[in-house]
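*Asks:*
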Amino acid sequence: MKKAWLLLVTISLFVILTACSSSDEELAKMSTEDRASDSAEFETKEEQSVDAEREQESVAEETAAPSTRMIIHQARISTNVKDLKKAQHNMEQRVKDYGGYIVESNVYLESDETSSGKMIVRIPEKHFETFLSEAEVEASKVLEKNVTGQDVTEQYVDLSSRVKSKRAVEERLLAFMKDAEKTEDLLKISSDLAKVQEEIEVLVGKIKYLENQTSFSTIELTMFENRVIIPEIENKDLNTWEKTKKQFITSTNALLSIGSGIIVFIVGNLPVLILVTIIAVAVFWIIKKRKIKE
């Protein structure tokens, strides 16, 4: 009886232990599956977060980049014109019509037959090609034409990004300044804030310069005028009699002047002339007498 009871107890314990072991394995398996599920879910969320960040960065880049390329256009054109004054007036009027402005305007008169004019103008970018075409139409001959372009899109985007970053630093410093309690901290933050704001002003100035240079193109226009001057026939009286009378009087005055000079010479030098004459006569008489004796 005791043996049967012990056998029953042993079997019961074995069954209980087996059940517990099976339960532990199932719990361990469930725990592993749960951890794997949690890990997969975390990785999925992390991937989604990374994708979202990448998408935001892409959108930010697309927003920062301008929709069109930013090009600084410059041109230099030299022409011959028939009428410099008229041509310069017409081109100045074109500048006003297109909403541009004149930076410099000069006129040079090199001679009676040659003159030139130089204009440096700023024209809105959309009228750049049109203005150049009209300058060619105004000319009788195009001597030189040079057009250049500089792409500053990348530089503009870089400056805009730096300004955005500096603005964020400025906002943080302003927030720190509000919470600062110590004078030392307040002075340090104020110094950093002033430095950041100065950097922002420099960057904004560069951005505005690029915007101005790309919005308005610079054109240097030089015009030359070569004139052929034909002498006009003078519509005046010939005045033949007056001119003859004048010439007669001039000739008479010349003769009188010569005669007066001779008389003055003779009378003024008469003693010398008499002495010279006496000597000459004496010499001549002596020479003649000797020849007679011989």
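Residue numbers for the sequence shown, in mature numbering (1 follows the signal peptide of the UniProt record, and there is no 0): -21 to -1, 1 to 273.
C-beta: ideal position from N, C-alpha, C; glycine also.
#1: Would you tell me roughly how many angstroms separate the C-alpha atoms of I265 and I271, rounded to the nearest one?
#2: State buried or exposed for A118, treating a residue as buried only when at least 16 other CB atoms are found within 10 Å of its CB.
#3: Taking the beta carbon of G128 as the centre, do at least 16 other beta carbons fall within 10 Å, making it buried, or is it exposed?
#4: When the Cα atoms are used, what is the spatial distance from G79 to L88?
#5: DSSP beta-bridge partners for M98?
#6: If we ignore side chains and look at the alpha-carbon of each, how far apart do I99 and R151 end up?
#7: Could you check the C-alpha separation between N232 and T223 for me, to the nearest Å?
#8: List the endpoints of the continuous alpha helix (DSSP H) containing D171.
#9: Using a threshold of 8 Å, state whether the C-beta atoms of T201 and S94 are closer than that.
#10: Under 8 Å, with one C-beta from each stretch per pair, do the segment 44 to 63 and the segment 192 to 206 reach the 3-pair mark?
#11: Let me confirm a value: residue 285 is counted as buried when at least 16 other C-beta atoms fall within 10 Å, else exposed. Which label applies?
#12: Are the segment 58 to 71 and the segment 140 to 160 touching by the rule of at least three beta carbon pairs closer than 8 Å?
#13: With respect to the beta strand (DSSP E) encompassing H52, which residues constitute its N-terminal and C-terminal limits?
#14: From the DSSP output, which residues share a beta bridge with E123?
#15: Pull up the distance between the alpha-carbon of V148 and that of N191, whole angstroms please.
#16: In this structure, how does DSSP classify T47 when only helix, strand and coil are distinguished?
#17: Assuming contact is defined by CB atoms lying nearer than 8 Å, are R206 and I179 in contact in what I supplied?
#18: How big is the Cα-Cα spacing for residue 311 and N248?
#19: How many angstroms separate the CA atom of E115 from the CA atom of V121?
#20: Nearest CA to the CA of S169: which residue from V181, S140, L153?
#21: With a 10 Å radius around its C-beta and 16 neighbouring C-beta atoms as the bar for buried, classify L254 as buried or exposed.
#22: Give the single residue among E92, D171, L63, A173 whose Cα lies nearest to the Cα of S84.
#23: Any idea if T58 is buried or exposed, counting beta-carbon neighbours within 10 angstroms, 16 or more meaning buried?
#24: How is D76 classed by DSSP in three states: helix, strand or coil?
*Replies:* Reading from the atomic positions:
#1: What you label residue 265 is simply residue 286 of the sequence shown in a count that begins at 1. What you label residue 271 is simply residue 292 of the sequence shown in a count that begins at 1. Looking at the two C-alpha atoms, the distance is approximately 10 Å.
#2: Position 139 of the sequence shown, counted from the first residue, corresponds to residue 118. A118 comes out buried.
#3: Position 149 of the sequence shown, counted from the first residue, corresponds to residue 128. A residue is called buried when at least 16 other Cβ atoms come within 10 angstroms of its Cβ; G128 does not meet this threshold and is exposed.
#4: As a working mapping, residue 79 is identified with position 100 in the sequence shown. As a working mapping, residue 88 is identified with position 109 in the sequence shown. C-alpha separation (whole angstroms): 27 Å.
#5: Sequence index remark: in the sequence shown, residue 98 carries index 119 (1-based). Note: M98 sits in a beta bridge opposite S84, L200.
#6: Taking the sequence shown and counting its residues from 1, the one referred to as residue 99 is at position 120. Taking the sequence shown and counting its residues from 1, the one referred to as residue 151 is at position 172. Going by the C-alpha atoms only, they are around 46 Å apart.
#7: Walking along the sequence shown from the start, residue 232 turns up at place 253. Walking along the sequence shown from the start, residue 223 turns up at place 244. Whole-angstrom Cα-Cα distance: 14 Å.
#8: Counting from one through the sequence shown, the residue named residue 171 turns up at place 192. From DSSP, the alpha helix (DSSP H) with D171 extends over 162 to 194.
#9: Here residue 201 is taken as the residue at index 222 of the sequence shown, counted from 1. Here residue 94 is taken as the residue at index 115 of the sequence shown, counted from 1. No, Cβ-Cβ distance for T201 and S94 is not below 8 Å.
#10: yes
#11: No answer is possible for residue 285: it lies beyond the span of the chain, which begins at -21 and ends at 273.
#12: no
#13: Stepping through the sequence shown from its first residue, residue 52 is reached at position 73. Looking at the DSSP string, the run of the beta strand (DSSP E) that includes H52 is 50 to 59.
#14: By one-based count along the sequence shown, residue 123 stands at place 144. According to DSSP, E123 bridges with S57.
#15: Counted from its first residue, the sequence shown places residue 148 at position 169. Counted from its first residue, the sequence shown places residue 191 at position 212. Their backbone Cα atoms lie some 27 Å apart in a straight line.
#16: Here residue 47 is taken as the residue at index 68 of the sequence shown, counted from 1. Residue state, collapsed to three classes: coil.
#17: In the sequence shown, residue 206 corresponds to position 227, counting from 1. In the sequence shown, residue 179 corresponds to position 200, counting from 1. For R206 and I179, no; Cβs fall outside 8 Å.
#18: The first residue shown for the chain is -21 and the last is 273, placing residue 311 beyond what the model contains.
#19: The residue labelled residue 115 in the question sits at position 136 within the sequence shown. The residue labelled residue 121 in the question sits at position 142 within the sequence shown. Distance between the alpha carbons of E115 and V121 is about 6 Å.
#20: Position 190 of the sequence shown, counting from 1, holds the residue named residue 169. Among V181, S140, L153, the Cα nearest to that of S169 belongs to L153.
#21: To locate residue 254, count along the sequence shown from 1; it is residue 275. Looking at its Cβ environment, which holds fewer than 16 other Cβ atoms inside 10 Å, L254 is exposed.
#22: Counting from 1 along the sequence shown, the entry for residue 84 is found at position 105. Per the Cα distances, L63.
#23: For this step, residue 58 is matched to residue 79 along the sequence shown. Buried, because 16 or more other Cβ atoms sit within 10 Å of the Cβ of T58.
#24: The count along the sequence shown starts at 1 and reaches residue 76 at position 97. If DSSP states are grouped into helix, strand and coil, D76 belongs with the helices.
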